Amino acid sequence: MSPLLPGRADKRDDRLARRRFYSPVYVRAAPADRPSEVGHVQEAAEQLVKWPKRGPGWHKAMILCLSALEGDPIDPQVIRQAFEAAAKEAGMLLTSDPRNASRD
C-alpha cells in the first residue's frame with residue numbers, strides 16, 4: 042500500500058491481476074529477436090508497439106489492449122487470443138516456452 046495514497050495500491054493491484062493471462066504467450070521480442078514471455082495485457086501492448094509487421098490482427102490486438110488498459114471490462118483471455126493470433130500473423134509467435142527447449 043502506498044503511504045501517500047492509502048488504499049490506492051490495493052485497488053491498482055486488483056485491477057492488474059484482472060488483466061493477467063491464464064497462460065503466457067511466447068513471442069520473439071523485437072528488435073533483438075530474443076524470446077519473451079507475455080502474461081499480461083500491459084506486456085502485450087508493449088510488445089505490439091515494437092513489432093515491424095502491423096496487419097489486421099495487430100490492429101485488433103492493440104485496440105483490445107488499449108481499451109482494457111483504459112478501463113473497459115474486456116476479458117484478458119479474449120485479449121490473449123487476439124495477441125496470439127497477431128503474433129502468429131506477424132511471424133513473432135513461438136510455439137512453446139523457449140526456456141524448456143534446452144531441457145529437451
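Counted the way my numbering counts, the sequence shown spans residues 42 to 145.
Heads up, the beta-carbon is just placed ideally off N, CA and C, and yes, glycines get one too.
Bear in mind that the values here come from a model prediction, so they are computed numbers and not experimental data.
Short of 8 angstroms in beta carbon distance, which residues of its chain neighbour residue i, apart from the five on each side in sequence? Order them along the chain.
i      : result
Ser108 : Ile115
Ser143 : Note that Ser143 has pLDDT 46, beneath the 50 cutoff, so the model's placement of it is unreliable and the number below is only indicative. No residues qualify anywhere along the chain.
Quick check on residue i: buried or exposed, where buried means 16 or more other Cβ atoms within 10 Å of its Cβ?
i      : result
Gln88  : buried
Glu111 : exposed
Pro117 : buried
Val90  : exposed
Ser137 : exposed
Would you kindly check if the distance between the Cβ of residue j and the Cβ of residue i is under 8 angstroms?
i      : j      : result
Gly96  : Ala131 : yes
Ala102 : Ala127 : yes
Arg121 : Val68  : no
My output table needs one value for residue i: the three-state DSSP class, helix, strand or coil.
i      : result
Gly96  : coil
Glu78  : strand
Ser108 : helix
Pro114 : coil
Ala86  : helix
Arg121 : helix
Ala70  : strand
How many Å lie between residue i and residue j at the Cα?
i     : j      : result
Arg60 : Glu84  : 10 angstroms
Arg75 : Asp113 : 31 angstroms
Ala86 : Ala123 : 11 angstroms
Lys94 : Lys129 : 11 angstroms
Give me, in chain order, the residues of the same chain whose beta-carbon lies closer than 7 angstroms to that of residue i; leave out the 5 immediate sequence neighbours on both sides.
i     : result
Trp92 : Ala71, Trp99, Ala131 and Met133
Val82 : Arg60, Cys106, Ala109, Leu110, Pro117 and Ile120
Near residue i, what residues of its chain come up, given a Cβ to Cβ distance below 6 angstroms and the 5 sequence neighbours on each side ignored?
i     : result
Ser77 : Val68 and Ala70
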